[in-house]
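In our numbering, the protein residues as written are 4 to 324.
So this is what it looks like as structure tokens:
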């Protein structure tokens, strides 16, 4: 249930999926179907740049400093925040730091306008008795007053519960996800921070689902609360092993042939088109040299991944870590 944590939505806790994706497909879209098994997963496809999280990116002009692209995951786990020395070294020499969005003090207010129902509405209008009982269980598990949750849109609740209680508790205590922590560090050292997307662009994708689909998304995570910690750990292990291809493979392993259309829709909306846009927007910084780009790890591999797109534009890429 964590796939989109790799694909760049660092400003919010989760994301609703487009209209074309069926509710039963949701766990795949969020990284793992929660029926995690020990089966050996066959590689379903060879994706360019599927291994590694830090890449040196050099243009034809060898007299400028190299750039770096780093694949992140938007969590607070200390194993993720403790950056490898190779990443620290590249980041320390950055002339400019680029992220999916540039965090601003106004972000919270803007996000709040999107996640709350209109005055007088309640999520209880959308849920049946069993779903409300599961929501009550989630409130207790995550430390919320149940009545507070009734003000949120179904997709927003789904986002809240798409991470385990341990991760939610760390965020609640003020710990920053990796991308935000790196932005803070860049500013502390006087490195200018830029965004490749706007918060408005990200939030615009949130509202793309019908009420019925949003309820189905929420129902899927509420049914899987008992397994969320195990799945979260599985997802972290793949990332820490720098096996981004494996993250795709694990998801696809749980997809049957009838779901190929749903995967294509996800890939186009949440990865391919955003990759193209981000590569276009980072060009001026790459041409100046010394740019450090930190984006969700799922943006790196694939034919239309950021790294392959950069290579097609004439950049030389070298895996560093």
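Every residue gets a Cβ at the ideal spot worked out from N, C-alpha and C, and that includes glycine. Keep in mind the model is a prediction, meaning the values are calculated, not measured.
- Beta-bridge partners assigned by DSSP to residue 269: none are found.
- Scanning the stretch 147 to 173 for uninterrupted alpha helix (DSSP H) segments of 4 residues or longer gives 149 to 152 and 157 to 163, listed from N- to C-terminal end.
- For residue 101, the enclosing beta strand (DSSP E) begins and ends at 99 to 102.
- Collapsing the DSSP output to three states places residue 67 in coil.
- Contact between the stretch 213 to 228 and the stretch 111 to 121 is not established, with fewer than three Cβ pairs separated by less than 8 angstroms.
- Across the structure, residue 152 and residue 160 are spaced so that their CA atoms are roughly 7 angstroms apart.
- As for any beta strand (DSSP E) of minimum length 3 sitting wholly inside the stretch 83 to 145, the runs are 99 to 102, ordered along the chain.
- Taking all protein chains in view, the Cβ of residue 222 is crowded by 16 or more other Cβ atoms within 10 Å, so the residue is classified as buried.
- Across the structure, residue 136 and residue 81 are spaced so that their CA atoms are roughly 33 angstroms apart.
- For the pair residue 59 and residue 320, the CB atoms are nearer than the 8 angstroms cut-off.
- Residue pairing from DSSP places residue 298 in a beta bridge opposite 74.
- If you draw a straight line from the Cα of residue 83 to the Cα of residue 243, it comes to about 7 angstroms.
- Shown here, residue 242 sits in a helix according to DSSP, grouped into three states.
- Positions of the beta strand (DSSP E) runs, each at least 3 residues long and wholly inside the stretch 166 to 218, are given as 196 to 198 in order along the chain.
- DSSP, reduced to helix, strand and coil, places residue 226 outside both helices and strands of the structure shown, so it counts as coil.
- Taking the CA atoms as reference points, residue 271 sits about 22 angstroms from residue 246.
- Beyond the five residues adjoining it in sequence on each side, residue 148 comes within less than 8 angstroms, by CB distance, of 142 in the same chain, given in chain order.
- Ranking 174, 71 and 283 by CA distance to the CA of residue 89 puts 71 first.
- Judged by beta-carbon spacing, residue 285 lies beyond the 8 angstroms limit of residue 302, meaning their Cβ atoms are not closer than that value.
- The Cβ neighbour count for residue 233, taken over all protein chains shown within 10 Å, is under 16; the residue is labelled exposed.
- The beta carbons of residue 292 and residue 68 sit about 4 angstroms from each other, so the pair counts as a contact at 8 angstroms.
- Excluding five sequence positions before and after residue 308, the CB atoms of its chain that fall closer than 8 angstroms to its own CB belong to 50, 51, 52, 274, 278 and 302, given in chain order.
- DSSP places residue 233 in the helix class (H, G or I) of the three-state scheme.
- Contact annotation: the stretch 99 to 118 touches the stretch 187 to 197, with at least three C-beta pairs closer than 8 angstroms.
- According to the DSSP secondary-structure assignment, residue 54 is paired through a beta bridge with 246.
- Residue state for residue 291 is assigned as helix, using DSSP reduced to three classes.
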